[in-house]
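Note sheet for the following structure.
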Amino acid sequence: MFKQKIKKAFQRIIKTKFFKGIATLFMLFILLDLFFPFKINPNYSTLITDSDGKLLHAFLNKTDKWRMETELTEITPTLEKAIVFKEDRWFRWHFGVNPFAVMRAGARNIFTGRRTSGASTITMQVVRLLHPQKRTYFNKFIEIFRAIQLEFHYSKDEILQFYINLVPYGSNIEGLKSASILYFQKSPNVLSLAEVTALTIIPNRPSSLRLGTNNAFILQERNRWLQNFKDAALFNKQDIEDAINEPLNVTRHEAPHLAPHLSLRLKQENPTQSIIKTVLVRHKQLTIENIVQNYVSRLYAMNIHNAAVMVINNKTHQVEAYIGSADFNNPIDGGQVDGIRAIRSPGSTLKPLLYATAFDKGIITPKTAINDVPTNFGGFEPENFDKLFHGKITIEYALANSLNIPAVKMLKEISTPVLVDKLKKSDFQTVKKNSSKLGLSLVLGGCGVTLEELTNLFSAFANEGNFQKATYSLKSKETPRVKNEIISKESSYLITQILSQITRPDLPNNYDYTYRMPKIAWKTGTSFGKKDAWSIGYNAHYTIGVWIGNFSGEGVPELSGANIATPLLFDIFNTVDYNSSSKWFKAPENIAYRKVCAESGDVPNEFCTHQIVDYYIPSVSKMTKCQHAKYIFISADQKISYCSHCLPDDGAIKKLYPNYAPELLSWYESKHILYEKIPPHNPKCERVFNTDAPQIVYPVDGSEYFLAKNENQKLMLNCQVGNEVKTVYWYINDKLLQKASPNAEVFFTPQAGKIKISCSDDKGRNADIYVKVIY
Ligand SMILES: [Zn+2]
Ligand SMILES: [Zn+2]
Numbered sequence: 190m191f192k193q194k195i196k197k198a199f200q201r202i203i204k205t206k207f208f209k210g211i212a213t214l215f216m217l218f219i220l221l222d223l224f225f226p227f228k229i230n231p232n233y234s235t236l237i238t239d240s241d242g243k244l245l246h247a248f249l250n251k252t253d254k255w256r257m258e259t260e261l262t263e264i265t266p267t268l269e270k271a272i273v274f275k276e277d278r279w280f281r282w283h284f285g286v287n288p289f290a291v292m293r294a295g296a297r298n299i300f301t302g303r304r305t306s307g308a309s310t311i312t313m314q315v316v317r318l319l320h321p322q323k324r325t326y327f328n329k330f331i332e333i334f335r336a337i338q339l340e341f342h343y344s345k346d347e348i349l350q351f352y353i354n355l356v357p358y359g360s361n362i363e364g365l366k367s368a369s370i371l372y373f374q375k376s377p378n379v380l381s382l383a384e385v386t387a388l389t390i391i392p393n394r395p396s397s398l399r400l401g402t403n404n405a406f407i408l409q410e411r412n413r414w415l416q417n418f419k420d421a422a423l424f425n426k427q428d429i430e431d432a433i434n435e436p437l438n439v440t441r442h443e444a445p446h447l448a449p450h451l452s453l454r455l456k457q458e459n460p461t462q463s464i465i466k467t468v469l470v471r472h473k474q475l476t477i478e479n480i481v482q483n484y485v486s487r488l489y490a491m492n493i494h495n496a497a498v499m500v501i502n503n504k505t506h507q508v509e510a511y512i513g514s515a516d517f518n519n520p521i522d523g524g525q526v527d528g529i530r531a532i533r534s535p536g537s538t539l540k541p542l543l544y545a546t547a548f549d550k551g552i553i554t555p556k557t558a559i560n561d562v563p564t565n566f567g568g569f570e571p572e573n574f575d576k577l578f579h580g581k582i583t584i585e586y587a588l589a590n591s592l593n594i595p596a597v598k599m600l601k602e603i604s605t606p607v608l609v610d611k612l613k614k615s616d617f618q619t620v621k622k623n624s625s626k627l628g629l630s631l632v633l634g635g636c637g638v639t640l641e642e643l644t645n646l647f648s649a650f651a652n653e654g655n656f657q658k659a660t661y662s663l664k665s666k667e668t669p670r671v672k673n674e675i676i677s678k679e680s681s682y683l684i685t686q687i688l689s690q691i692t693r694p695d696l697p698n699n700y701d702y703t704y705r706m707p708k709i710a711w712k713t714g715t716s717f718g719k720k721d722a723w724s725i726g727y728n729a730h731y732t733i734g735v736w737i738g739n740f741s742g743e744g745v746p747e748l749s750g751a752n753i754a755t756p757l758l759f760d761i762f763n764t765v766d767y768n769s770s771s772k773w774f775k776a777p778e779n780i781a782y783r784k785v786c787a788e789s790g791d792v793p794n795e796f797c798t799h800q801i802v803d804y805y806i807p808s809v810s811k812m813t814k815c816q817h818a819k820y821i822f823i824s825a826d827q828k829i830s831y832c833s834h835c836l837p838d839d840g841a842i843k844k845l846y847p848n849y850a851p852e853l854l855s856w857y858e859s860k861h862i863l864y865e866k867i868p869p870h871n872p873k874c875e876r877v878f879n880t881d882a883p884q885i886v887y888p889v890d891g892s893e894y895f896l897a898k899n900e901n902q903k904l905m906l907n908c909q910v911g912n913e914v915k916t917v918y919w920y921i922n923d924k925l926l927q928k929a930s931p932n933a934e935v936f937f938t939p940q941a942g943k944i945k946i947s948c949s950d951d952k953g954r955n956a957d958i959y960v961k962v963i964y
């Protein structure tokens with residue numbers, strides 16, 4: 190009894206004291222952990238991978254070392270087993286320190302008087318690799334604390350990962366992955382057992398076991414360890430035998446530097462991310478890089494030095510190829526400039542978006558007639574690329590031929606802010622920034638865009654008008670994917686149909702398109718001064734944007750979207766999507782056909798004999814009846830025309846005359862193009878006409894004109910009038926200046942100051958304008 194009592198009391202004392210001790214130690218540890226947190230900043234190299242996760246590009250870390258991060262998934266069981274067997278067999282069981290190993294090492298130190306490091310666990314080695322310190326007993330104590338701390342905050346897998354990522358391989362190579370990539374050109378997860386073994390023994394003596402220089406010695410050491418593995422039955426016997434027989438012929442390689450522009454860009458955009466997984470498709474990226482480089486070298490003689498290409502997969506909204514310049518390693522031509530992000534003038538490439546918007550507003554259909562004649566838009570007088578005017582044409586023709594005046598007219602009709610808004614929705618950054626300053630010239634290239642923005646925009650046409658910015662990487666801080674309907678699917682379809690026609694002038698000269706032309710919809714563009722050549726095309730699979738020019742901004746007379754950029758676009762389409770398996774776009778349900786008058790594109794009237802078939806969008810497209818002609822009463826001899834006021838009781842006949850707009854008539858007159866004129870109006874008619882008054886085209890109402898003194902400079906007067914007008918009268922400040930034919934250009938020398946200019950026709954209809962003349 191007594192004995193038992195004593196025993197129990199003793200046990201109680203031991204228990205409480207023991208637990209108190211443990212609790213105190215634990216509290217102390219928590220406090221130390223709080224005041225001396227373990228800061229881990231591994232400072233990894235940035236790695237860029239392709240869509241398969243294979244390394245495309247690697248950057249040195251901030252201290253110019255190769256320290257590539259091995260991911261947990263790259264640590265195979267073979268690798269883990271080999272390391273744990275070699276370095277720390279109790280790794281999975283201890284708490285950072287192996288007390289038995291410490292005691293054993295301590296005893297050895299006392300008895301032999303030598304200091305050995307046999308007690309180091311993997312955890313303690315990680316501590317030393319992160320914070321190298323002099324080897325003293327005090328530092329050893331700190332190391333033990335840090336090791337426990339590491340175990341407290343990280344899992345065993347993470348600690349093993351730190352170890353693998355920090356071990357030295359000599360020179361500036363750190364971490365097993367860096368060695369694996371630079372010597373074996375492989376990721377750690379595909380290393381053979383022999384390679385794994387070689388890589389696990391080097392960190393113990395990184396300066397004497399240098400791969401490439403001491404291969405024979407490494408081979409000997411490797412096989413010694415493989416024998417140890419065999420003795421411990423760590424791996425399959427046959428696998429070890431094979432590994433022993435594997436030769437070791439390695440040298441150090443350069444780190445991969447593929448897709449340089451995108452790699453550099455993503456590194457800058459994600460400075461803290463050690464592995465950036467792009468969606469680039471390796472073989473496409475490399476093939477197109479090659480095509481672009483060869484293509485530009487052929488343009489060199491023309492003084493054209495650069496190009497950029499971007500390939501978007503329309504289904505995944507991923508960028509599969511990104512070629513920022515013809516040759517990244519050519520410093521003379523600015524090879525490092527990223528042409529995909531350079532801000533340039535878009536030329537005519539925004540026209541499809543403009544017409545698509547007008548289709549959606551219902552104001553036009555593909556066969557709507559529009560006049561391509563000289564037009565003054567409040568001082569802005571655009572010209573066509575070929576410096577010619579084409580008279581009355583269809584919208585379809587205007588877009589396919591990229592005519593400028595119809596485009597500016599259309600923009601004026603839908604208004605600039607409407608188009609700017611569409612561009613803002615499509616993430617055009619420079620347009621967004623300058624939106625308040627943009628005018629009608631916007632649609633002819635009077636704004637700044639990037640190839641990236643344009644290619645993304647055209648990808649929306651391939652996606653039923655839904656804009657979704659393509660991504661470059663899997664996990665990134667890019668703006669979240671937003672789907673934005675910028676145009677309707679009907680209108681996208683109409684644009685696609687027009688842009689895939691092959692009877693068009695912007696086919697490359699001499700291009701053998703009978704067998705080499707891909708089935709795509711595309712639009713070309715050439716900026717003012719021939720500084721930029723664009724060609725952007727799409728099918729259901731891909732949207733590809735091509736820019737060609739000089740980064741220096743130098744214009745080249747031969748540079749044009751049709752002849753210079755389009756052949757490259759076709760080549761790339763034929764490479765990435767030869768004989769495309771994807772079907773062509775299907776007409777959306779709400780697209781219908783109707784017969785329209787060939788003269789106007791409007792719904793046929795009774796007199797519209799020439800009718801053609803046109804697409805339209807039911808309940809959206811306007812249903813205006815054609816007014817291409819009008820009935821006029823004339824005398825039997827066809828010399829006089831009548832109105833309802835002066836129509837004689839007998840002898841008049843009804844005849845159909847073309848109903849042309851004044852601007853077209855005056856262009857016909859200036860070009861001496863014959864058209865059927867309405868006979869002069871009955872001179873005895875008493876009616877005063879109010880409609881169809883003359884329109885003064887020049888000078889422009891409200892403008893200021895700066896004239897040079899003493900040079901007798903003259904101002905030109907020009908007007909547009911109705912079909913039946915034969916004579917006009919020009920007045921300056923209400924004083925008659927001259928009687929003239931309606932299409933004659935009249936000149937006069939103005940006085941300084943505000944001037945009233947009037948034009949009256951032979952029907953008594955009048956127009957006034959005011960201008961200011963400054964000498
Ligand atoms: Zn008609
Ligand atoms: Zn009359």
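Here the numbering used here = 1-based position in the sequence shown + 189. Where a beta carbon is used, it is the ideal one built from N, C-alpha and C, also for glycine. These numbers come from a predicted model, not from an experiment.
Checking 7 Å against the spacing of the C-beta atoms, do residue i and residue j come in under that value?
i    : j    : result
N157 : T265 : Outside the displayed span of the chain (190 to 964) sits residue 157, for which this structure offers no information.
F656 : I675 : yes
V286 : A336 : yes
I806 : E679 : yes
E435 : A515 : no
T238 : K466 : yes
S949 : D957 : no
G840 : D881 : no
K720 : G734 : no
L629 : V597 : yes
L249 : L236 : no
I753 : T644 : no
May I ask which residues mark the beginning and end of the beta strand (DSSP E) holding residue i?
i    : result
T732 : 731 to 738
E852 : Looking at the DSSP string, E852 is not in any beta strand (DSSP E); the run it does join, the alpha helix (DSSP H), is 851 to 859.
E893 : 893 to 895
V792 : Looking at the DSSP string, V792 is not in any beta strand (DSSP E), and its letter there is neither H nor E.
By Cβ distance, which residues of its chain are closer than 6 Å to residue i, with the 5 residues on each side in sequence left out?
i    : result
A368 : Y358, I362, L388
L747 : Here residue 747 is Glu; the residue named in the question, Leu, does not match the sequence. These residues qualify, in order along the chain: M491.
K898 : Y964
L539 : V632
Where do the ends of the alpha helix (DSSP H) carrying residue i lie?
i    : result
E430 : 426 to 434
R471 : 471 to 488
H246 : It is not in any alpha helix (DSSP H) - H246 instead sits in the beta strand (DSSP E) that spans 244 to 247.
S621 : Sequence inspection shows Lys at residue 621; the Ser mentioned does not correspond to that position. Unbroken alpha helix (DSSP H) run through K621: 618 to 623.
V273 : 266 to 276
W414 : 404 to 420
P606 : 605 to 614
T312 : 311 to 319
Please work out which residues of its chain come closer than 7 Å, Cβ to Cβ, to residue i, disregarding the five sequence neighbours upstream and downstream, and give them in chain order.
i    : result
S681 : A545, F650, E653, G654
T685 : F650, A710, F774
R317 : E332
S306 : Low per-residue confidence applies at S306: pLDDT is 48, beneath 50, and the placement is therefore not dependable enough to give any value.
N779 : E679, I806, P807
Excluding sequence positions up to five away, which residues of its chain have a Cβ less than 8 Å from the Cβ of residue i?
i    : result
I850 : Note that residue 850 is Ala in the sequence shown here, rather than Ile. Result list for A850: N560, in chain order.
Contact between the region 549 to 566 and the region 527 to 541 (3+ Cβ pairs under 8 Å):
no
Would the region 718 to 729 and the region 743 to 761 be scored as touching if the rule is three or more Cβ pairs under 8 Å?
yes
Counting by C-beta, which residues lie closer than 7 Å to a heavy atom of ligand 1, in chain order?
C786, E788, S789, D791, P793, N794, F796, C797, C815, H817, A818
Would you call the region 391 to 401 and the region 337 to 345 touching, i.e. three or more CB-CB distances under 8 Å?
no
Indicate whether the contact test is met: 3 or more Cβ pairs, each with one atom in the region 438 to 451 and one in the region 481 to 490, closer than 8 Å.
no
So, does the region 847 to 864 touch the region 912 to 932, judging by three or more C-beta pairs under 8 Å?
yes
Touch check for the region 558 to 577 and the region 594 to 611: three-plus C-beta pairs under 8 Å?
yes
Could you tell me whether the region 687 to 696 touches the region 607 to 626, using the rule of 3 or more Cβ pairs below 8 Å?
no
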